[in-house]
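Colleague: Have a look at this one.
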Amino acid sequence: MAFSLTWLPDVLVNAGLKVAKSPGWETRGHGDMGNILGVLCHHTATPGKNSGNMPTLNTLITGRPDLPGPLSQLGLGRDGTYYIVAAGKCYHAGAGLWRGVTSGNSNFIGIEAENTGGRDDSPWPPVQMDAYHRGVAAILSHIGKSADFCAGHKEYALPAGRKSDPDFDMNVFRAAVTDILNGAAPAPVLIPVVAPATPTQPARATLRRGLPNDPALVKIVQTKLGLTADGDFGPGTEAAVRAFQSQHGAVPDGIIGPKTWLMIDP
Ligand SMILES: [Zn+2]
3 MAFSLTWLPD
13 VLVNAGLKVA
23 KSPGWETRGH
33 GDMGNILGVL
43 CHHTATPGKN
53 SGNMPTLNTL
63 ITGRPDLPGP
73 LSQLGLGRDG
83 TYYIVAAGKC
93 YHAGAGLWRG
103 VTSGNSNFIG
113 IEAENTGGRD
123 DSPWPPVQMD
133 AYHRGVAAIL
143 SHIGKSADFC
153 AGHKEYALPA
163 GRKSDPDFDM
173 NVFRAAVTDI
183 LNGAAPAPVL
193 IPVVAPATPT
203 QPARATLRRG
213 LPNDPALVKI
223 VQTKLGLTAD
233 GDFGPGTEAA
243 VRAFQSQHGA
253 VPDGIIGPKT
263 WLMIDP
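First residue of the sequence shown? That's 3 in my numbering, and the numbers climb one at a time after it.
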């Protein structure tokens with residue numbers, strides 16, 4: 003049976019964010035959550051700034067030798083994509099205290115953002131930090147809490163100093179989240195759902211993994227990328243789209259919007 007956080011993907015998509023679901027996420031967890039009271043922010047500290055968009059994803063799902071997965075409900079890739087890992091309880095918080103909450107694993111949703119935590123990976127990519135703010139705001143809005151109920155792991159963890167993540171100023175972070183909650187932040191840049199017609203091509207729908215995409219359009223993309231044209235926008239197709247975008251100097255978000263359509267099939 004699915005655990006209770008099945009609302010997470012919709013809440014993030016409705017905030018204009020990119021979402022990728024890890025197969026099996028609905029039933030993944032160390033039992034179910036208790037009351038959801040807030041969000042705990044982390045960074046992965048996985049070495050290798052250029053090791054990929056979310057190289058820690060498999061560890062978040064399966065765990066480490068000393069700690070079984072899942073390790074957080076959400077992973078946040080360098081391109082601002084939220085990876086949905088689990089709808090149940092995850093081992094991310096440990097002992098701590100924030101706003102009277104001492105059982106972080108039961109009461110806080112954990113977000114592990116991909117960042118080495120080192121000087122080599124600072125400042126964070128703006129698209130990732132913007133998604134961090136917007137995702138936390140969307141979750142807090144859904145549960146009816148203010149930005150006070152988003153804490154950094156370093157603020158929550160006890161004894162004090164046990165954790166140093168995330169490596170940014172949480173007061174600045176909460177101020178940005180508050181602006182979004184108050185409607186004072188600029189609207190997110192959304193990718194149009196239809197790429198307009200060009201002199202050589204008709205209007206074409208934006209394609210992304212997880213949408214009910216038109217298989218005929220997906221086959222065009224797959225053929226252009228040298229893939230098997232099965233019409234299914236799966237993880238392999240998404241990875242090939244990201245690689246194509248990187249090679250052509252575009253944001254590697256894995257989404258075939260107006261700009262990527264022009265590059266891939268002008
Ligand atoms: Zn942490």
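Ideal Cβ placement from N, Cα and C applies to all residues, glycine included.
Rank T48, E114, M56, A159 by C-alpha distance to the C-alpha of G102 and give the top, closest one.
Modeller: Among T48, E114, M56, A159, the Cα nearest to that of G102 is on A159.
Colleague: Measure how close the beta-carbons of G79 and E114 come, nearest whole angstrom, since I'm counting them as under 8 Å.
Modeller: No, G79 and E114 are not in contact; Cβ-Cβ is about 10 Å, not under 8 Å.
Colleague: Quick one: Cα of L19 to Cα of Y85, how far?
Modeller: About 11 Å.
Colleague: Let me know if V196 comes out buried or exposed under the rule of 16 or more other beta-carbons within 10 Å of its beta-carbon.
Modeller: Under this definition V196 is an exposed residue.
Colleague: Short check: CB of V138 to CB of V41, under 9 Å?
Modeller: Contact: yes.
Colleague: Where DSSP assigns a beta bridge to F110, which residues make up the other side?
Modeller: For F110, which the question treats as bridged, DSSP gives the partners G40.
Colleague: Counting along the chain, where does the beta strand (DSSP E) carrying I86 start and finish?
Modeller: Where I86 is concerned, the enclosing beta strand (DSSP E) stretches over 83-86.
Colleague: Comparing C-alpha positions only, which one of A149, T200, S166 sits nearest to I182?
Modeller: Checking every option, the nearest Cα to that of I182 belongs to A149.
Colleague: Between which two residues does the alpha helix (DSSP H) containing A133 stretch?
Modeller: Start and end: 128-145.
Colleague: Looking only at its own chain, which residues have a Cβ that is under 6 Å from the Cβ of T46, when we skip the five neighbours before and after it?
Modeller: T58, E114, E116.
Colleague: Please list, in chain order, all residues of the same chain as G236 whose beta carbon is under 8 Å from its beta carbon, the five residues on each side excluded.
Modeller: For G236, where only same-chain residues beyond five positions count, the Cβ hits under 8 Å are R211.
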